[in-house]
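A.B. asks:
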Amino acid sequence: MQESPLADGVEERLDRAFTALGDPVRRALIARLSRGEATVNELAEPFAITKQAVSRHIQVLEAAGLITRSRDGQRRPCHLDPVMLEELTSWIDRYRLALEDQHRRLDAVLDNLRKS
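With the numbering used here, the residue at position 57 of the sequence shown is 875, and numbering never jumps.
(1) What are the residues that DSSP puts in a beta bridge with residue 886?
(2) Are residue 898 and residue 844 closer than 7 Å when you measure CB to CB?
(3) Taking the alpha helix (DSSP H) that residue 936 belongs to, which residues open and close that run?
(4) Tell me which residue opens and which closes the alpha helix (DSSP H) that residue 873 is part of.
(5) Please state whether DSSP places residue 930 in a helix, a strand or coil.
(6) Assuming residue 860 is part of the alpha helix (DSSP H), what are its boundary residues?
(7) If you compare alpha carbons, which of 836, 918, 847, 833 is closest to residue 873?
(8) Which residue marks the beginning of the alpha helix (DSSP H) containing residue 849, and which one marks its end?
(9) Using C-beta distances below 7 Å, list every residue in its chain close to residue 852, excluding the 5 sequence neighbours before and after it, in chain order.
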């Protein structure tokens, strides 16, 4: 399939996001944040790594646009960023839909061969 050029900056954002998601700890952090906001301390609890290591993972996710942080008094909770997740989903769907179309066409050819 010929890939059409992506809008300015989209390819770089996708690269950062997919690279960030290449780490199992960061994927686990995303999974946890899908249930709601959490602080670094809350995110660090289930892992056998230091809070500083979790903070570095959060910085990577933040730089990739996958999460944001807000200020709530003295708390700095992390949140998933739906905009970047939608970009990732749209990019993946583009190829999923193309493959589904190819499968439908192949099924039609096979049906015609069976009927002849």
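Ideal placement from N, C-alpha and C gives every residue a C-beta, glycine not left out.
Model, not experiment: these values are computed from the prediction.
C.D. replies: On the basis of the data shown:
(1) Indexing the sequence shown from 1 puts residue 886 at position 68. Answer is 897, bridged to residue 886.
(2) Taking the sequence shown and counting its residues from 1, one reaches residue 898 at position 80. Taking the sequence shown and counting its residues from 1, one reaches residue 844 at position 26. No, the pair does not count as a contact, with Cβ atoms beyond the cut-off.
(3) Look at the range of the chain in this structure, 819 to 934, and you will see that residue 936 is not part of it.
(4) Taking the sequence shown and counting its residues from 1, the one referred to as residue 873 is at position 55. Note, residue 873: alpha helix (DSSP H), 869-881.
(5) In the sequence shown, counting from the first residue as 1, residue 930 sits at position 112. Three-state result, residue 930: helix.
(6) Within the sequence shown, residue 860 is the residue found at index 42, counting from 1. Run containing residue 860: 858-862, per the alpha helix (DSSP H) assignment.
(7) The residue you call residue 873 lines up with position 55 of the sequence shown. Selected option, being the one with the closest Cα: 847.
(8) By 1-based counting over the sequence shown, the position of residue 849 is 31. It spans 842-851 - the alpha helix (DSSP H) in which residue 849 sits, taken as one unbroken run.
(9) Taking the first residue of the sequence shown as 1, we reach residue 852 at position 34. Result list for residue 852: 898, in chain order.
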